[in-house]
Amino acid sequence: MNRTFLVAREEFWQTVGTKAFWIGLAAFPVIIALAIAVPLFLEKAKEARPYVVIDHSGFLLNAVEQAVYGEDLTQIGQRGREFRREDNEGYAALPDPIRAYVAAWMGLDEPDRPLLVEALGRRAFGDASATPFEFVDSGGVALFQWWEEADPAKVDERHDIELARRHYERRPVPADLDTIGWLNDQIHSGKLFAYFVIGPDPVTSDEGCRYVSNNLTDRGLRNWFSRRAERIVREHRMERSGVAPDTADWIQASLAFEARKIDERGDVEEVKDRDKFRQFVPLIFTYLLWLAVFTSSQMLITSTIEEKSARIMEILVSSVSPEELMLGKIAGVAGAGLIVVGSWATILFGAIAIIPKVMGADIDLGGAAADPLFLASFVMYFLLGYLFYASLLVGVGSLCGTLKEAQNVMWPVMIPLFTAIFSMKHVGEDPNGLLARILSFVPPFTPFIMMNRAAGPPEWWEFVLTGLLLLVSIWLVVKGASRLFRVGVLAVGARPGLGDIARILFTPADLPGQSVSSRK
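Next comes the structure, spelled out in structure tokens:
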């Protein structure tokens, strides 16, 4: 046992004592940060999509523009309220028309604010009818002029307000040109992203309505414009059918079933956001467990092949037995793997705790992720899962002379790992279903399935039985792997086949140093 500990300590320090290990460890948070930051940066840096609308209906484009103006005003009001409450400097930096609008918007009761936005939209787009809101007459013109002339990129940069034109910019159509021909040329040359054609009577049918673009993958502009146009057309259809607006809203209202759950006392209680997030925590832990087992096992098999290729194994087995060497290597890499997993878990918990605060959400996600059941399950099944797969891989890998050979031989061992990932969604949706229960007692799947079921949660006896099952399975795998390792660490010659592996496993005794080729 003392020699096993010495091997484990040496393997651990050889793994963690390299710059490459710590660089790889530091690279993980960098990769995660880049995965989050790069899409956000690219989205911010993406230029607005220029588009043109040819409106044969005479009303729909104007109505869509009015709707977009209203959406921007609603966002400006909400952002201005935040500035006024939390950041006086940010509020003072807003343009005069915006400050005047925010003051008028905040001076109203919550139900009246949409009415002010609607009145401003009607006045800006040609409806001069009377309105009960004084600001429409006193500040509406200046506000609309600012909205038309403002640079969306600068507004976003200075005030953190995203106007619709930040992403989609409508351009006018020259009146003295062959409109369709000119638009096609503009799209072909890349100066225009797309153009819409609105038919003469979109309320009756969509005949004549078209969307023309050479970019078939980015559907953002098409969906954005279509949603607003569809809503307006639907309102006109209701009006034409004699359906009152209130009746139309009632008809289209969804039927909501409020989520409830039964607590431990048998009482019905409200399902909170924390409870909803808790259901997804096992998925995160399962994927983390999969990565941990996969990467740790890869480190172990790589170390074994490198030492065998360099003929270091011949020196090592002269001082320790093959079994002690194998167990020491597994334990040493397990320690290094725990450092890796610990760093990942720290980053994960940090992100879970920080993200809600950054987004302004009052949700204790960290408390849900720190559930003792989840943490205990993760530690238990990581250690057992790692020992199971590490023993399999180091035993099979010891028979191979190069990493290329090992990659070919270990694929059958890796199939259960990938199968467990493919079953994550189904097991997460039905953690106590028949399939989940059956897979829980199949040793190669047990660590991942039981971790995924933790939100169920399973009965206590299932944790006990699956733990015992894994311990027995690990004992059997270690016995078989030690036989392979005892022969494989010094084996030379031809690549092992299935017959060689079966012969080694089921022969009562194997001689150290016996080559694979000599057994044929």
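All the letters of the sequence shown, read from the start, carry residue numbers 1 to 520 under our numbering.
Backbone N, C-alpha and C define an ideal beta-carbon position, used for all residues, glycine too.
Mapping DSSP to helix, strand and coil, what is residue i?
i, result
"ARG99", "helix"
"LYS151", "Looking at the sequence provided, one finds Asp at residue 151 rather than Lys. Coil."
"ARG219", "coil"
"PRO282", "helix"
"PRO50", "strand"
"ARG265", "coil"
"ILE198", "strand"
"TYR213", "Sequence inspection shows Ser at residue 213; the Tyr mentioned does not correspond to that position. The answer is strand: DSSP assigns SER213 an E or B state."
"ARG231", "helix"
"ARG171", "coil"
"GLU157", "helix"
"LYS520", "Residue placement at LYS520 cannot be trusted, given a pLDDT of 40 that sits under 50; the coordinates are not used to answer."
"GLU162", "coil"
"GLU258", "coil"
"GLU270", "strand"
"VAL320", "coil"
"SER129", "coil"
"ALA253", "coil"
"ASP185", "helix"
"LEU6", "helix"
"ALA292", "helix"
"THR247", "helix"
"THR302", "helix"
"SER482", "helix"
"VAL203", "coil"
"PHE378", "helix"
"PRO457", "coil"
"LEU505", "helix"
"ASP109", "coil"
"LYS308", "helix"
"PHE83", "helix"
"ALA119", "helix"
Can you tell me the Cα-Cα spacing of residue i and residue j, whole angstroms?
i, j, result
"SER473", "ILE438", "16 Å"
"ILE501", "ALA334", "25 Å"
"TRP182", "GLU235", "33 Å"
"ILE312", "ILE23", "26 Å"
"SER518", "ASN432", "Summary for SER518: the model assigns pLDDT 42, below 50, so the residue's position carries little reliability, and this model does not support an answer."
"LEU325", "VAL7", "6 Å"
"ASP201", "HIS188", "29 Å"
"GLY456", "GLY395", "35 Å"
"HIS167", "LYS191", "15 Å"
"ALA351", "MET451", "21 Å"
"LEU387", "SER398", "16 Å"
"ASP72", "THR18", "54 Å"
"TRP146", "SER254", "37 Å"
"SER461", "THR4", "The displayed chain sequence assigns Trp, not Ser, to residue 461. Cα to Cα, the separation comes out at about 34 Å."
"PRO322", "ALA259", "58 Å"
"SER309", "GLY467", "36 Å"
"PHE133", "LEU116", "7 Å"
"GLN252", "PRO245", "11 Å"
"ALA436", "VAL427", "6 Å"
"LYS520", "PRO372", "Here LYS520 scores only 40 on pLDDT, less than 50, and its place in the model should not be relied on; the value that follows carries that caveat. Rounded to the nearest angstrom, the two C-alpha atoms are 53 Å apart."
"LYS261", "LEU417", "33 Å"
"LEU393", "ARG486", "14 Å"
Compare the C-alpha of residue i against each of the options and name the closest.
i, options, result
"TYR91", "GLU258, GLY80 and ALA100", "GLY80"
"LEU25", "LYS261, ALA336, ILE232 and GLU11", "ALA336"
"GLY70", "GLU47, PRO95, LEU120 and TYR101", "LEU120"
"GLU148", "GLU157, LEU163, ARG158 and HIS159", "LEU163"
"ASP156", "THR247, LYS46 and ASP246", "LYS46"
"PHE382", "PHE445, LYS308 and VAL233", "PHE445"
"SER205", "VAL379, VAL233, PRO50 and GLU43", "VAL233"
"SER391", "ALA292, ILE449, TRP460 and ILE301", "ILE301"
"GLU11", "LYS479, ILE330 and GLU239", "ILE330"
"PRO447", "SER377, GLY401 and VAL203", "SER377"
"GLY58", "ARG85, GLY199, LEU42 and ARG171", "GLY199"
"GLN279", "VAL16, ASP112, GLU429 and VAL487", "GLU429"
"LEU403", "PHE374, VAL478 and GLN298", "GLN298"
"GLY208", "ARG171, VAL53, TRP105 and LYS272", "VAL53"
Should residue i be listed as close to the ligand ZN, given that the test is whether its C-beta is under 6 Å from any heavy atom?
i, result
"VAL293", "For the structure depicted, the ligand ZN is absent and the ligand set is empty, with no information on it obtainable."
Between residue i and chain D, is any beta-carbon pair separated by less than 7 Å?
i, result
"VAL333", "Checking the listed chains, one finds no chain D in this structure; it contains a single protein chain."
Where in the segment 383-448 do unbroken runs of the alpha helix (DSSP H), each at least 4 residues long, occur, reported from the N-terminal end onward? For the segment 383-448, whole alpha helix (DSSP H) runs of length 4 or above, ordered along the chain, are 403-409, 411-422, 424-429 and 434-440.
Within the chosen definition, does the segment 132-139 reach the segment 32-46 through at least 3 CB pairs nearer than 8 Å?
-> No: fewer than three Cβ pairs fall under 8 Å.
Check: For the 8 Å Cβ check, are there 3 or more pairs between the segment 344-351 and the segment 277-296?
Finding: Using a C-beta cut-off of 8 Å, the segment 344-351 makes contact with the segment 277-296, since at least three inter-stretch Cβ pairs fall below that distance.
What ranges does the beta strand (DSSP E) occupy inside the segment 17-62, keeping only unbroken runs of at least 3 residues that lie completely in it?
Taking only runs of at least 3 residues, the beta strand (DSSP E) segments lying wholly in the segment 17-62 are 49-55.
Q) Taking contact to mean at least 3 C-beta pairs separated by less than 8 Å, is the segment 101-116 in contact with the segment 253-269? A) With the cut-off at 8 Å, the segment 101-116 and the segment 253-269 do not touch.
For the segment 234-252 against the segment 209-223, are there 3 or more C-beta pairs whose distance is under 8 Å? The segment 209-223 and the segment 234-252 do not touch, with fewer than three beta-carbon pairs separated by less than 8 Å.
Does the segment 382-391 touch the segment 54-65, meaning 3 or more C-beta pairs lie closer than 8 Å?
No, the segment 54-65 does not touch the segment 382-391.
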